[in-house]
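Asks: Have a look at this one.
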Amino acid sequence: MPHYKTFLWVCLGLLLQAWDGKAQDCALRLDGRIVDTDGKPLPAATVYIVNSKQGTVSSSDGYYRLEGLCPGRYVIEISFTGYSTLYDTLQLHSSMHRNYRLSEALLNAGEVVIESKPFLYESVIVEALDDEAQWRRANKPLSRMLEEVEGISSLRTGAEIAQPMLHGFWGNRLALNVEGSPLGSQRWGAEHAPEVDPLAYDQIEVIKGAQAVLLGSDAIGGAVVLKQQALSDVDSLRSRWVLNAHSNGRGFLLHQKTSGRLSKQLAFRLHSTAARSGDRQAAHYMLSNTGHRRLSAGMGLGYRFHRWDADLQYDYFGAENGILRAAHTGNLDDLARAMERQEPWYIAPFSYEIEHPKQEVAHHSWRLQSHRHGPKADWRFVYSLQINTRKEYDVRRGGRSELPAVWMRLLQQHLRVQSDFHFLKQIESSLAAEWLWQDNLNRTEETNTRPILPDYRRQQVSLAWANTIPLAHMEWNWGVRFDYNSAQVWIFDYQNRLFTPDFKKLNVQFNAGFHTHLSDAWSWTSSWAWNRRLPAINELYSQGLHHGSGWIEEGLLVDTNGYYAPGTELRFEETYRWVNQWVFHKGAHRLSLTPHLSYIQNYVNLEAADLRLTIRGAFPVFRYHQTDVLWAGSDWLWEWQIAPFLKTTHKGSVLWAHDITRNAGLNRVPPPAYRGAFVWQKERWGKFSGIQVELAAEYAGIAWSLPAVVAPAEVGSRPEQQAQAWDFMPPPNDYWLFHWRIEGSYTSHWRFALEVENLFNRAYRSYLNRWRYFADDLGRNVSVSVQYMFH
1134 MPHYKTFLWV CLGLLLQAWD GKAQDCALRL DGRIVDTDGK PLPAATVYIV NSKQGTVSSS
1194 DGYYRLEGLC PGRYVIEISF TGYSTLYDTL QLHSSMHRNY RLSEALLNAG EVVIESKPFL
1254 YESVIVEALD DEAQWRRANK PLSRMLEEVE GISSLRTGAE IAQPMLHGFW GNRLALNVEG
1314 SPLGSQRWGA EHAPEVDPLA YDQIEVIKGA QAVLLGSDAI GGAVVLKQQA LSDVDSLRSR
1374 WVLNAHSNGR GFLLHQKTSG RLSKQLAFRL HSTAARSGDR QAAHYMLSNT GHRRLSAGMG
1434 LGYRFHRWDA DLQYDYFGAE NGILRAAHTG NLDDLARAME RQEPWYIAPF SYEIEHPKQE
1494 VAHHSWRLQS HRHGPKADWR FVYSLQINTR KEYDVRRGGR SELPAVWMRL LQQHLRVQSD
1554 FHFLKQIESS LAAEWLWQDN LNRTEETNTR PILPDYRRQQ VSLAWANTIP LAHMEWNWGV
1614 RFDYNSAQVW IFDYQNRLFT PDFKKLNVQF NAGFHTHLSD AWSWTSSWAW NRRLPAINEL
1674 YSQGLHHGSG WIEEGLLVDT NGYYAPGTEL RFEETYRWVN QWVFHKGAHR LSLTPHLSYI
1734 QNYVNLEAAD LRLTIRGAFP VFRYHQTDVL WAGSDWLWEW QIAPFLKTTH KGSVLWAHDI
1794 TRNAGLNRVP PPAYRGAFVW QKERWGKFSG IQVELAAEYA GIAWSLPAVV APAEVGSRPE
1854 QQAQAWDFMP PPNDYWLFHW RIEGSYTSHW RFALEVENLF NRAYRSYLNR WRYFADDLGR
1914 NVSVSVQYMF H
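Heads up: the sequence shown is residues 1134 to 1924, going by the numbering used here.
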């Protein structure tokens, strides 16, 4: 019997078992302590849930407790007479402990208290990952962790190298913001994973749509925002330790995060993560040279004085990733055969050694941020300095493999000043000014190769204005952003002549939207956006081999021989995007539907172009091309607390894309996806609590509206004038995967989990894994996680 039928029978049995158990109110809890800036408790402070109309007041020692909450997103309002009102947005998956610190309003005659309210807290479609979701995927990189959110997929290069993709947007169209600053890394490459440790952050938010003009022009497809708890809110010593061991790769992960107060005004934070794994394994063979090492650490100090607070933070992230050896071949015939084989041409015994080809990355980040609660406005200041170094090693001739084939250093500075204030009394406004400076340098004297991305220096000056106004039982928002870009590039042509093109362009972004409650159970959020951007540096000037993916990329200003071609016209990419979300939340049920539509003129797409033999081997060639496209799709979610001991969750996404100019399909469009789970839960069993047993099914379909297929052996005979997009291989077959998990807590300090992924060891290939041309995806993985929490 097919495995998916077994899953359906199990689900039916669980439903029948729960039929006689009456579904009751959800049993999640939110509690914590409310204090002032000196840490003194605030009795009788009001805690109110805006979108569910529940509330309570704190006790004499500042403690509050809200019970009977269902899983979902909540907007919390915390208020106390004489203090500024605080708003917080939470995504509850399990019971949560959360403390709040309020600052005195210090009112004078005629002054207005400005609420510490996050911008567009209702009008923006936000999905959040809290400690619960991070715990579930503790051994996964950021992108794989974000797959907990419907609509998020991963553009992968193996197991550890993954870029988050939201509604098909990634890289230059999906902003990644870390504590108020854009991540300064080489994120434009699909095999360049974001250099951040997700376990170091207390909350990770996914913003769907293009409403967030305050996050940058690359937020047109959405944004991923990583947040840490403000050190000014830390009131006691807290420490979390996580140990994970997994069978596929025979790896481990060790993580710790500790925070506490040194005095009434001074607090600290420390975090570190070490991870290592050997060669990963597909269902029937080893994926040779796919080991991984990672080390990250950070420390921060926070100071609070009355209405002013400041945080100083340093973070380090370093990783070494092996590149599948079978993705590199010696000649065109070998490359064609490698793509057509059922198994990789190179399979070796398991090893922890990471040989060539491989990549090494190191990221240093210093960040200073300050916040002042003023009588008429809140002021926020952020400055960050980031240094990103990337080395890629190839299998080189003449004993030169120890020399990196790519060595890039990106230096980035970012300054941001933002004011939140009331405009015309009812309108809540945020006005932000930003300065971004980047310097990219290739160490060609060490590599003796032509760099894939030229040296460049870029500056951007930005001004953004965002507004929210309540009107007729609705919350309306609109925003506008201007980015003035200037760049200087140093690049060589086919005669090795140096060119120094420069450009100065203005990017513009506008958005508008609203949020309303259609009834007590229904809500509707909608947003429209228009964005005009110049293609990024990599989309214009790429001209070389990506060792992580094993293919050559060439930009819009590079000719078919791989050399810079001056005089090519620059065309702006213009995006028109509409995103909606309908949410139904009543009793034990929660449903959401998020349809979206995007029309993009001069869309920059990376397409298959050729096969090329170089002195380093034979590689497929991919070239950037501009065309007009239409994207349409939807995410959906259904949660049902069937009975006190049983709940079920089902979510998925579909996406369709079409090349209007050439009446053809597009590549790298995420296929239809579904994930369903039934969770049996028991609140308490002796000293154990929060016990959950989960059986989950995951389905990946065949991507819609695909480009034409030209087999590697036929590439040479393909007419050059045929302009339609194409790919080297058809998409892989659809597949089902099954997972099983048990977790629970022992006292209030210990937590454990046992999980089996790909339970039946299914052999499959993922369409969004760039190694699908050469090998299957990961086989069965058994992992054990233990967490110790001290507070």
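Glycine included, each C-beta is placed from N, C-alpha and C at the ideal position. Quick caveat, the model's predicted, so the values are computed rather than measured.
Would you report the Cα separation of Tyr1931 and Ser1380, rounded to the nearest angstrom?
Replies: What the structure shows of the chain is the stretch from 1134 to 1924, and residue 1931 is not part of that stretch, so it cannot be assessed.
Asks: CA-CA distance, His1489 and Ala1266?
Replies: In the sequence shown, the residue the question calls residue 1489 occupies position 356. In the sequence shown, the residue the question calls residue 1266 occupies position 133. Those two C-alpha atoms are separated by around 35 Å.
Asks: Mind checking Phe1861: buried by the 16 CB within 10 Å criterion, or exposed?
Replies: Counted from its first residue, the sequence shown places residue 1861 at position 728. So Phe1861 ends up on the buried side.
Asks: Roughly how far, in whole angstroms, is the beta-carbon of Leu1364 from the beta-carbon of Ala1356, given that I think they are within contact range, below 8 Å?
Replies: As a working mapping, residue 1364 is identified with position 231 in the sequence shown. As a working mapping, residue 1356 is identified with position 223 in the sequence shown. With a contact defined as Cβ atoms closer than 8 Å, Leu1364 and Ala1356 miss out at about 24 Å.
Asks: Using a Cβ-Cβ cutoff of less than 6 Å, which residues in the same chain neighbour Ala1566 once the five nearest sequence positions on both sides are dropped?
Replies: Translated into the one-based positions of the sequence shown, residue 1566 becomes position 433. Excluding sequence neighbours, Ala1566 sits near Val1550 and Leu1596.
Asks: Mind checking which residues open and close the alpha helix (DSSP H) that includes Asp1743?
Replies: Residue numbering aside, residue 1743 sits at position 610 when the sequence shown is read from its first letter. No alpha helix (DSSP H) holds Asp1743; the beta strand (DSSP E) holding it covers His1722 to Thr1747.
Asks: Looking at the secondary structure, which residues open and close the beta strand (DSSP E) in which Glu1488 lies?
Replies: On the sequence shown, position 355 is the one that residue 1488 refers to. That residue, Glu1488, is in no beta strand (DSSP E); it is neither H nor E in DSSP.
Asks: Once the 5 residues before and after Tyr1485 are set aside, which same chain residues still bring their CB inside 7 Å of it?
Replies: In the sequence shown, the residue the question calls residue 1485 occupies position 352. In its chain, beyond the 5 residues on either side, Gly1411 and Gly1424 have a beta carbon closer than 7 Å to the beta carbon of Tyr1485.
Asks: Looking only at C-alpha atoms, which of Thr1580, Gly1507, Glu1473 and Phe1811 sits nearest to Tyr1526?
Replies: Start at 1 with the first residue of the sequence shown, and residue 1526 comes out as number 393. Here the closest residue by C-alpha is Thr1580.
Asks: I need the DSSP call for Gln1774, collapsed to helix, strand or coil.
Replies: The count along the sequence shown starts at 1 and reaches residue 1774 at position 641. It is a strand residue.
Asks: Taking one C-beta from the segment 1772-1784 and one from the segment 1712-1723 each time, how about it: are there three or more such pairs within less than 8 Å?
Replies: With three or more CB-CB distances shorter than 8 Å, the segment 1772-1784 counts as touching the segment 1712-1723.
Asks: Taking DSSP as the reference, what is the three-state secondary structure of Ala1320?
Replies: On the sequence shown, residue 1320 is found 187 positions in, with the first residue counted as 1. Checking the displayed sequence, the identity of residue 1320 turns out to be Arg instead of Ala. Arg1320: coil per DSSP, three-state reduction.
Asks: Looking at Ile1733 and the ligand PLP, is the gap between the Cβ and the nearest heavy atom below 8 Å?
Replies: The ligand PLP is absent from the structure shown, which contains no ligands of any kind.
Asks: Does the beta-carbon of Gln1676 have 16 or more other beta-carbons within 10 angstroms, so that it is buried, or is it exposed?
Replies: Position 543 of the sequence shown, counted from the first residue, corresponds to residue 1676. Gln1676 is buried by the Cβ-count criterion.
Asks: What does the Cβ neighbour count give for Gly1154, buried or exposed, with the cut at 16 atoms within 10 Å?
Replies: Reading the sequence shown from its first residue, position 21 is the one you call residue 1154. Confidence in Gly1154 is poor, its pLDDT being 41 and thus under 50, which makes the residue's placement unreliable; the coordinate value appears in the next sentence. So Gly1154 counts as exposed.
Asks: How many Å lie between Val1168 and Arg1162 at the Cα?
Replies: Reading the sequence shown from its first residue, position 35 is the one you call residue 1168. Reading the sequence shown from its first residue, position 29 is the one you call residue 1162. The straight-line gap from Cα to Cα measures roughly 20 Å.
Asks: Among Ala1605, Pro1699, Tyr1879 and Asn1713, which has the Cα closest to the Cα of Gln1559?
Replies: Within the sequence shown, residue 1559 is the residue found at index 426, counting from 1. It is Ala1605 whose Cα lies nearest to the Cα of Gln1559.
Asks: Counting only the same chain and skipping the five closest in sequence on each side, list residues whose C-beta sits under 6 Å from that of Thr1658.
Replies: The residue labelled residue 1658 in the question sits at position 525 within the sequence shown. Ile1258, His1648 and Gln1714, listed in sequence order.
Asks: Using 8 Å as the Cβ pair cut-off and three pairs as the minimum, do the segment 1511-1518 and the segment 1464-1477 touch?
Replies: no
Asks: From Glu1686 to Ile1294, what does the alpha carbon distance come to, in whole angstroms?
Replies: By one-based count along the sequence shown, residue 1686 stands at place 553. By one-based count along the sequence shown, residue 1294 stands at place 161. Using only the alpha carbons, I get a separation of about 18 Å.
Asks: Of all the beta strand (DSSP E) runs that stay within the bounds of the segment 1381-1430, which reach a length of 3 or more residues?
Replies: Runs of the beta strand (DSSP E) inside the segment 1381-1430: 1384-1394 and 1399-1410.
Asks: Using C-beta distances below 8 Å, list every residue in its chain close to Asn1232, excluding the 5 sequence neighbours before and after it, in chain order.
Replies: Counted from its first residue, the sequence shown places residue 1232 at position 99. Cβ neighbours of Asn1232 beyond the five flanking positions: Gly1165, Arg1166, Ile1167, Val1168, Asp1366 and Asp1368.
Asks: Could you tell me which residues DSSP puts in a beta bridge with Trp1904?
Replies: Position 771 of the sequence shown holds residue 1904. Paired residues: none, contrary to the question.
Asks: For Gln1414, I'd like the list of residues in its chain whose CB is within less than 6 Å of its CB, leaving aside the five on either flank, ordered along the chain.
Replies: Counting from 1 along the sequence shown, the entry for residue 1414 is found at position 281. If we look at Gln1414 and ignore the five residues flanking it on each side, its Cβ neighbours are Asn1381 and Gly1912.
Asks: Which residue's Cα is closest to the Cα of Asn1618: Ile1624, Ala1538, Trp1611 and Phe1705?
Replies: As a working mapping, residue 1618 is identified with position 485 in the sequence shown. Out of Ile1624, Ala1538, Trp1611 and Phe1705, Phe1705 has the C-alpha closest to the C-alpha of Asn1618.
Asks: From Ser1314 to Leu1428, what does the alpha carbon distance come to, in whole angstroms?
Replies: In the sequence shown, the residue the question calls residue 1314 occupies position 181. In the sequence shown, the residue the question calls residue 1428 occupies position 295. The alpha-carbon atoms of Ser1314 and Leu1428 are separated by roughly 22 Å.
Asks: Quick check: the segment 1813-1820 against the segment 1754-1774, are at least 3 beta-carbon pairs closer than 8 Å?
Replies: Contact between the segment 1754-1774 and the segment 1813-1820 is absent, because fewer than three Cβ pairs lie under 8 Å.
Asks: Let me check understanding here. Comparing Cα to Cα, which of Thr1701, Gly1695 and Ser1212 lies closest to Leu1744?
Replies: Taking the first residue of the sequence shown as position 1, residue 1744 is located at position 611. If we check each option's Cα against that of Leu1744, Gly1695 comes out closest.
Asks: For Pro1864, I'd like the list of residues in its chain whose CB is within less than 8 Å of its CB, leaving aside the five on either flank, ordered along the chain.
Replies: For the purposes of this step, residue 1864 is identified with residue 731 of the sequence shown, where counting begins at 1. Once the five neighbours on either side are set aside, the close Cβ partners of Pro1864 are Pro1804, Ile1835, Ala1836, Leu1839 and Tyr1900.
Asks: Go through the segment 1476-1531 residue by residue and report every complete run of the beta strand (DSSP E) that reaches 3 residues or more, in order.
Replies: 1491-1506 and 1510-1526
Asks: According to DSSP, is Glu1244 part of a helix, a strand, or is it coil?
Replies: As a first step, residue 1244 must be located in the sequence shown, where it is residue number 111. Because the pLDDT at Glu1244 is just 34, under 50, the model does not fix this residue reliably, and the value given afterwards should be weighed accordingly. Residue state, collapsed to three classes: coil.
Asks: Can you name the residues that DSSP bridges to Glu1831?
Replies: For this step, residue 1831 is matched to residue 698 along the sequence shown. Paired residue(s): Arg1808 and Leu1870.
Asks: So is Asn1114 buried or exposed if we call it buried at 16+ other beta carbons inside 10 Å?
Replies: With the chain covering only 1134 through 1924, there is no way to say anything about residue 1114.
Asks: Taking just the CA atoms, how far does Thr1601 sit from Phe1252?
Replies: The residue you call residue 1252 lines up with position 119 of the sequence shown. The residue you call residue 1601 lines up with position 468 of the sequence shown. Because Phe1252 sits at a pLDDT of 39, beneath the cut-off of 50, its placement in the model cannot be relied upon, and the point is left open.
Asks: Does the contact criterion of 3 or more C-beta pairs under 8 Å hold for the segment 1878-1891 versus the segment 1330-1338?
Replies: no
Asks: Could you name the residues of the same chain whose beta carbon sits closer than 8 Å to that of Leu1307, not counting the 5 residues immediately before and after it, in chain order?
Replies: Translated into the one-based positions of the sequence shown, residue 1307 becomes position 174. Closer than 8 Å at the Cβ level, and outside the excluded window around Leu1307, lie Pro1297, Met1298, Leu1299, Asp1351, Ala1352, Gly1354, Gly1355, Ala1356 and Val1357.
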